[in-house]
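One structure below.
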Amino acid sequence: MSAQESNFKRFVEVGRVVLLQSGPSAGKVAVIVEIIDHNRAIIDGPLTSVPRQAFSYRHLSLTPFRLTKLPRGAGSGCIRRQLEKEGIVAKWEKSSWAKKRAAIEKRRSLNDFQRFEVMLAKKARRDAVRKAVAKA
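In C-alpha cells, the structure reads:
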C-alpha cells in the first residue's frame, strides 16, 4: 500500500505562525512556542507585542508560515531573532489574507461621509466603464 497524502497542509507545531482571533491581541500574529495539550498552546509574539501566554486553538488561525529550526520552549529573544531573520512579519503583511483583513478593517472604520464618497467614486467608475464598453 502506498502512503496516501494528507489533505491538510497546516499543522499545529512548534514554530507555526498563527493569527489570533480573540482577546486584546486579536488580529495580530504570534508563534507557537510550546504545545500544552490538545486544546492549548503557549504563544509568543515579540515583534507584534503579543505577550507570552497560553492560548486555546479555538481562538487561533494557522497561517501558512512557520519558523524553521525553532527549538521547543524557545525564549522571546530567540523568537525575535528568528522572526527578523526570516522576515515573517513582512511576509504576513504582504499576504493577500492580511491585505484583505486590513481592507475590511478600513471599511469598518469609515464614517457616514466617507461611505458617501466611496459610493460616488463607485458610481463614477461604473459610468466610465459603461461608456468605454459602449464605445468599443
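Just so we're aligned, residue -3 is where the sequence shown starts under my numbering, counting upward by one. Where is the CB? At the ideal position from N, CA and C, for every residue including glycine. All values derive from a computational prediction rather than experimental measurement.
What does residue 62 pair with, by DSSP beta-bridge criteria?
DSSP lists 12 as partners of residue 62.
Take residue 52 and list the residues in its own chain whose beta-carbon comes closer than 7 Å to its own, dropping the five residues that flank it on each side.
So the qualifying residues of the chain are 35, 36.
Across the stretch 38 to 53 and the stretch 95 to 102, are there enough close Cβ pairs to call them in contact, namely three or more that are closer than 8 Å?
Contact between the stretch 38 to 53 and the stretch 95 to 102 is absent, because fewer than three Cβ pairs lie under 8 Å.
Counting only the same chain and skipping the five closest in sequence on each side, list residues whose C-beta sits under 7 Å from that of residue 26.
Only 14, 16, 39, 40, 41, 44, 46 meet the Cβ criterion.
Short of 6 Å in beta carbon distance, which residues of its chain neighbour residue 55, apart from the five on each side in sequence? Order them along the chain.
Same-chain partners within the cutoff: 17, 18.
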